[in-house]
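Per the numbering used here, residue 2 is the first one in the sequence shown, and the count goes up by one each step.
Just so you know, even glycine gets a beta-carbon here, dropped at the ideal spot from N, CA and C.
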Amino acid sequence: MNEMDFKMGIHTDLDNVILELMEFSQDKRVLTPLTNKVDVAIMALRYIQNQISEKCIMDNNNILRQERGERESSITE
2 MNEMDFKMGI
12 HTDLDNVILE
22 LMEFSQDKRV
32 LTPLTNKVDV
42 AIMALRYIQN
52 QISEKCIMDN
62 NNILRQERGE
72 RESSITE
């Protein structure tokens, strides 16, 4: 498993956790102070997801730049 697959796996796992937490916070039997904490946890997990996504995009862009640079250098040689 490469690093990108690992990051995307974490991203997907966070999606599943967020969905479960959202269902939990919608349960009317759960006390409001607890749902507030769950909502904060959901926001934190979404922030982490966004950071992972941004890192993956940056990594992909760097890989593409390197590949483009290698192709351009081989053409000029």
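If you look at N17, you'll find it in the alpha helix (DSSP H) that goes 4-27. Measuring C-alpha to C-alpha distances from M9 to each of L65, E71, D60, E24 identifies D60 as the nearest. With respect to R47, I11 sits apart: the two C-beta atoms are not nearer than 9 Å. The residue among L15, D6, R66 with its C-alpha nearest the C-alpha of M44 is L15.
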